[in-house]
Each structure stands twice: as structure tokens, then as C-alpha cells.
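Worksheet: one structure, shown below.
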Amino acid sequence: MNNFGNIMPNYSSFYANDLIHRLMSLLNEPLDNAQESKNMFYRSSMQSAFYQVLCEIKNKTALNTGQLSNIDDQPSEQLIRVNNMLVAEGISERHASTQSSLTNNSDQNNMLDYSDYQIKLDRIRQIYNVELEKYENHCNDFCSHVKTLIWEQSKIRPISEQELNSMNRIIRKKCSTIPFQLKQNTCEAVMILRSRSLDARRKRRNFSKLAIETLTGYFHSHLSNPYPSEEAKEELARQCGISVAQVNSWFVKLISQTVWHNHNILLYNY
Numbered sequence: 001m002n003n004f005g006n007i008m009p010n011y012s013s014f015y016a017n018d019l020i021h022r023l024m025s026l027l028n029e030p031l032d033n034a035q036e037s038k039n040m041f042y043r044s045s046m047q048s049a050f051y052q053v054l055c056e057i058k059n060k061t062a063l064n065t066g067q068l069s070n071i072d073d074q075p076s077e078q079l080i081r082v083n084n085m086l087v088a089e090g091i092s093e094r095h096a097s098t099q100s101s102l103t104n105n106s107d108q109n110n111m112l113d114y115s116d117y118q119i120k121l122d123r124i125r126q127i128y129n130v131e132l133e134k135y136e137n138h139c140n141d142f143c144s145h146v147k148t149l150i151w152e153q154s155k156i157r158p159i160s161e162q163e164l165n166s167m168n169r170i171i172r173k174k175c176s177t178i179p180f181q182l183k184q185n186t187c188e189a190v191m192i193l194r195s196r197s198l199d200a201r202r203k204r205r206n207f208s209k210l211a212i213e214t215l216t217g218y219f220h221s222h223l224s225n226p227y228p229s230e231e232a233k234e235e236l237a238r239q240c241g242i243s244v245a246q247v248n249s250w251f252v253k254l255i256s257q258t259v260w261h262n263h264n265i266l267l268y269n270y
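In terms of the working numbering, the sequence shown opens at residue 1 and continues consecutively.
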């Protein structure tokens, strides 16, 4: 008996070392044999006993699964602010604020400006939706892959449904920086577009490109008598979508600038 007692510690040490060696050797085994090894394990008569031992060990360690349910899923203030801006600008969903902020439906003069702005805004919306869809697809695929792996492991070691759901939430939480950065970049693009559109309107003094081309064309085709008649001003106002007073002011200003320019040229030549 004494000899047997002396042998057992050595045997236990040898068995533990052999088990560790086998576990470490799994890292170097090719994946081609993985399915065969799993099938051998599942057919083993010791498989159910091994699983039961792992369940007992897990219960004894008393892992605090409450921490898994305390994952903060609430969106941050920055994300809420960015989401609200995307909705307000009509990126996340159609919204009327974009049209009301840049144009008035009763003012035909601004329709060309709004049309150009809307085309560029639609392009930003399209890029945002495409990139967001890519992220969601990749994230769903990755979560599905992880879920499959955990489900495979649950046949060998005990894994609860709560742990599975918590792992899925952890993955999505860590990946949430990607859509946030996309939303932030989209908001910046919309702000730049809005700033440029408003600056362009100020420079044109509420005259659209079509109106300027029409008025300039009339001026150059009537150089001998560039100031239009009342009938001509009404027709120009109709074509340009502006008032007769605006047409009158535009020609008065342009003719004054032309006369002053010609006067300076005569003085210089003299």
C-alpha cells in the first residue's frame, strides 16, 4: 500500500502533464482533422461525464453572470445628437426641414438653388445608406459566425443562453464606433454642403443662375439701349422668377457700373 501511495502522486503528475501537452498540441493540428476529432469526442462514452464535470466546476466557481446583463446598451448623448441631426436633415428619413430652411415654395427664384442642393444631399444620403447597410450586413454575419462557434462549444462545455446573448451584445457594443463615425462624417458633409449653398445664395443676392444668364443676355443684346421697357421688364421678371422691382434694380446697378467704367477708360486715354 505504501508503494501504491508513492506511485499515485507521480502518476497524477504524469497524467496532468500529458493532458497539458495534448491540449497545447491542438494548436498545431491542421483544421482538416478537426471534424474527425469532434466526431470521436462525441462518440466517446466519457463525453456525458466530462460535460457533467464541467457543469459542476462552473457551479462551484459561481461566476457572476449578473455582470453580463449590466452591459450599457443606452446610446450616448453624442450618438443621440448625431441621430437627431441626420433625421432633421432628411438623411435617416425624409423630413421637411431641409426644404423649409433653404427655399420657400412660393418663391420660384430659389428653386434652382434648392434643386442643386437637393441633388447633392441625395448623393450624401445614398452613400450613407449604402455604407450603413454594409456595416449592418458585416456585423450580422460576424455575430452569426460567433454564435455558431459558441453553439458548437456548448456541446462540450456548459454555455447558457444569457451568456450567448451577452456575447452578441458585447460584439455589437465594440463595433458601434464604426456606424457612429459614419454618422459623424455624414453630418459634417451635410453641414459643409449647407454652408456652401447658403454662401452661394448670398453671393448671387437671391438671383439664380438662370436669372443672371437671362438678364445678362438681354443687356448684351441691347447695348444701344440696354435699359428695358416696362413690358420687357415684366417679361424678364416672368422668365427669371423675380419681381419687376428686382429687374429694375439689377439694370440700374449694372448700367451705373458700366457708365462709371467707361468714364474711367476715357479719362485714362485722355
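Ideal Cβ placement from N, Cα and C applies to all residues, glycine included.
Taking C-alpha atoms, which residue in the options lies nearest to residue i?
i      : options                        : result
Lys58  : Thr177, Lys173, Ile159         : Ile159
Gly90  : Val53, Asn129, Gln52, Ile242   : Asn129
Phe142 : Arg125, Ile170, Met85          : Ile170
Ala232 : Arg43, Ser224, Asn248          : Asn248
Glu152 : Leu121, Met24, Gln35           : Gln35
Leu182 : Lys155, Ile124, Ser197, Ala237 : Ile124
Met85  : Glu230, Leu236, Val190, Ser208 : Val190
Gln118 : Gln162, Arg194, Leu236         : Arg194
Gln184 : Asp122, Ile150, Val87          : Val87
Arg81  : Leu236, Thr186, Ser224, Ser44  : Thr186
Ser92  : Gly217, Asp122, Asn33          : Asp122
Arg172 : Lys147, Arg196, Ser229, Ile192 : Lys147
Val192 : Pro30, His222, Ser221, Lys120  : The sequence given here has Ile at residue 192, not Val. Closest option to Ile192, Cα to Cα, is Lys120.
Which same chain residues, not among the five before or five after residue i, have their C-beta less than 7 Å away from its C-beta?
i      : result
Glu213 : none
Leu254 : Phe219
Ile178 : Tyr135
Pro9   : Any reading at Pro9 must be qualified, since the residue scores a pLDDT of 48, below 50, and its modelled position is unreliable; no value is offered.
Leu271 : Since the first residue shown for the chain is 1 and the last is 270, residue 271 is missing from the structure and cannot be characterised.
Leu272 : Because the chain here runs from 1 to 270, residue 272 falls outside it and cannot be looked at.
Val244 : Lys233, Glu234, Ala237
Gln47  : Phe41
Leu276 : The shown model of the chain, from 1 to 270, leaves out residue 276, and the question about it has no answer.
Ser44  : none
Under the three-state reduction of DSSP, which class applies to residue i: helix, strand or coil?
i      : result
Glu29  : coil
Asn83  : helix
Ser221 : helix
Gln118 : helix
Tyr128 : helix
Met40  : helix
Gln47  : helix
Tyr135 : helix
Phe142 : helix
Gln52  : helix
Phe207 : coil
Gln108 : Any reading at Gln108 needs caution, since the residue's pLDDT is 43, under 50, leaving its predicted position unreliable; the model's value is listed next. Note: Gln108 maps to helix in three-state DSSP.
Glu89  : coil
Ser256 : helix
Ile242 : coil
Gln78  : helix
Ser229 : coil
Ser101 : Caution is warranted here: a pLDDT of 45 is assigned to Ser101, below 50, making its placement in the model unreliable, and the coordinate value is therefore given only provisionally. It is helical.
Lys58  : helix
His95  : Since pLDDT at His95 reaches only 44, below the 50 mark, its modelled position is unreliable, and the value read off the structure follows with that caveat. Coil at His95, not helix or strand.
With a threshold of 6 Å on Cβ separation, who are the neighbours of residue i within its own chain once the five nearest residues in sequence on each side are excluded?
i      : result
Cys283 : The requested residue 283 does not occur in the structure, where the chain is confined to residues 1 to 270.
Phe251 : Tyr227
Ser256 : none
Ala238 : The displayed chain sequence assigns Arg, not Ala, to residue 238. Contacts found: none.
Cys139 : Cys175
Glu161 : none
Phe168 : In the sequence under discussion, the amino acid at residue 168 is Asn, which differs from the Phe named in the question. Excluding positions up to five away in sequence, the list reads Cys143.
Heavy atom of the ligand PLP less than 7 Å from the Cβ of residue i, yes or no?
i     : result
Tyr51 : No copy of the ligand PLP occurs in the structure displayed, which carries no ligand at all.
Can you name, in chain order, every residue of its own chain whose Cβ lies under 8 Å from the Cβ of residue i, other than the five neighbours on each side?
i     : result
Pro75 : Asn83
Tyr42 : Lys155
Contained beta strand (DSSP E) runs [length at least 3] in the segment 145-201, N- to C-terminal order
DSSP runs (the beta strand (DSSP E)) wholly in the segment 145-201: none.
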